[in-house]
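Colleague: So the sequence lines, in the order shown, correspond to chains Z and S. Going letter by letter, the first sequence gives residues 324 to 441 in the working numbering. Going letter by letter, the second sequence gives residues 116 to 229 in the working numbering. Dumping the structure here so I can ask a few things about it.
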Amino acid sequence: AQKITQTQPGMFVQEKEAVTLDCTYDTSDQSYGLFWYKQPSSGEMIFLIYQGSYDEQNATEGRYSLNFQKARKSANLVISASQLGDSAMYFCAMREGMFSGGYNKLIFGAGTRLAVHP
Amino acid sequence: SAVISQKPSRDICQRGTSLTIQCQVDSQVTMMFWYRQQPGQSLTLIATANQGSEATYESGFVIDKFPISRPNLTFSTLTVSNMSPEDSSIYLCSVMTGFDTEAFFGQGTRLTVV
Numbered sequence: 324a325q326k327i328t329q330t331q332p333g334m335f336v337q338e339k340e341a342v343t344l345d346c347t348y349d350t351s352d353q354s355y356g357l358f359w360y361k362q363p364s365s366g367e368m369i370f371l372i373y374q375g376s377y378d379e380q381n382a383t384e385g386r387y388s389l390n391f392q393k394a395r396k397s398a399n400l401v402i403s404a405s406q407l408g409d410s411a412m413y414f415c416a417m418r419e420g421m422f423s424g425g426y427n428k429l430i431f432g433a434g435t436r437l438a439v440h441p
Numbered sequence: 116s117a118v119i120s121q122k123p124s125r126d127i128c129q130r131g132t133s134l135t136i137q138c139q140v141d142s143q144v145t146m147m148f149w150y151r152q153q154p155g156q157s158l159t160l161i162a163t164a165n166q167g168s169e170a171t172y173e174s175g176f177v178i179d180k181f182p183i184s185r186p187n188l189t190f191s192t193l194t195v196s197n198m199s200p201e202d203s204s205i206y207l208c209s210v211m212t213g214f215d216t217e218a219f220f221g222q223g224t225r226l227t228v229v
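Here it is in structure tokens:
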């Protein structure tokens, strides 16, 4: 069963506008973590933001914020004031099994390719 | 945090040969992870490399094809054996330094099999 779902293969946004990248997840663990990574064409994986399942506040990191809706099992990434350099692939990932003796590994969604237009 | 050095950064290999990818971390970590990213695809976990024990492989990946070594807490290697063009991918090593922290990634190895 797919655990991380990113339904938007590609997204376009005008420079300086905000964009939301969708991510839904499926887990039976009570304790888990959600991550967003950016992968530019160079291939490196750049960490953007993290949300723990017990965190009551939505995570924010500069222009990035995570809209965490636990009951709906969604963890959407919001990028405010988009810049041309934001054009990249964006991956949502989940870590589960933190206290259940699991491997602490990350499971990734299919990704969303974001294009920022001037 | 952790800084990961991964070598080689890219390689072009003949089918039927093997390539060993090295991953060096600047601090001691318990678990290291190896991922494969096929062209245009997401990251798929190959295996978890634990120091002092056999690697744990995910479904669809076997030790004969992807042998892993983990001789100490800062180093690991992944070998892609008997390569075919279908093995052309980016291979990435990753570590997590704690339960509630980000995963750090190496720069990746872009492998092309011809």
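For each residue, glycine too, the CB sits at the ideal point set by N, CA and C. Given the structure is predicted, the values throughout are model-derived calculations rather than measurements.
Measuring straight from C-alpha to C-alpha, what distance separates residue 162/S and residue 437/Z?
Modeller: Distance between the alpha carbons of residue 162/S and residue 437/Z: 29 Å.
Colleague: Using three-state DSSP, classify residue 407/Z as helix, strand or coil.
Modeller: If DSSP states are grouped into helix, strand and coil, residue 407/Z belongs with the helices.
Colleague: With DSSP run on the structure shown, which of helix, strand or coil describes residue 126/S?
Modeller: If DSSP states are grouped into helix, strand and coil, residue 126/S belongs with the strands.
Colleague: Between the segment 184 to 199 of chain S and the segment 402 to 419 of chain Z, do at least 3 Cβ pairs fall closer than 8 Å?
Modeller: Verdict: no, contact absent.
Colleague: Just the C-alpha distance for residue 204/S and residue 164/S, rounded to the nearest angstrom, thanks.
Modeller: Distance between the alpha carbons of residue 204/S and residue 164/S: 20 Å.
Colleague: Between residue 423/Z and residue 213/S, what straight-line distance do the alpha-carbon atoms span, to the nearest angstrom?
Modeller: A caution first: residue 423/Z carries a pLDDT of 47, below 50, which makes its placement in the model too unreliable to give a value.
Colleague: Quickly, what does DSSP pair residue 419/Z with across the bridge? List them, please.
Modeller: Residue 419/Z pairs with 355/Z.
Colleague: Mind checking residue 218/S: buried by the 16 CB within 10 Å criterion, or exposed?
Modeller: With 16 or more other Cβ atoms within 10 Å, it is buried.
Colleague: Smallest Cα separation from residue 177/S: which of 117/S, 210/S and 160/S?
Modeller: Comparing Cα positions, the closest option is 160/S.
Colleague: What number of angstroms, rounded off, separates the C-alpha of residue 368/Z from the C-alpha of residue 440/Z?
Modeller: C-alpha separation (whole angstroms): 22 Å.
Colleague: Is the shortest distance between the beta-carbon of residue 163/S and the beta-carbons of chain Z less than 8 Å?
Modeller: Yes, residue 163/S lies at the interface with chain Z (some Cβ there is under 8 Å from its Cβ).
Colleague: I want to see whether chain Z comes within less than 8 Å of residue 211/S, judged by CB atoms only; does it?
Modeller: It does: the Cβ of residue 211/S has a partner Cβ on chain Z nearer than 8 Å.
Colleague: Any contact of the segment 325 to 335 of chain Z with the segment 188 to 202 of chain S, i.e. 3+ C-beta pairs under 8 Å?
Modeller: With the cut-off at 8 Å, the segment 325 to 335 of chain Z and the segment 188 to 202 of chain S do not touch.
Colleague: Just tell me which of 158/S, 151/S, 155/S and 118/S has its CA closest to the CA of residue 181/S.
Modeller: Closest by alpha carbon: 151/S.
Colleague: Which partner residues does residue 134/S have in the DSSP bridge list?
Modeller: Note: residue 134/S sits in a beta bridge opposite 195/S.
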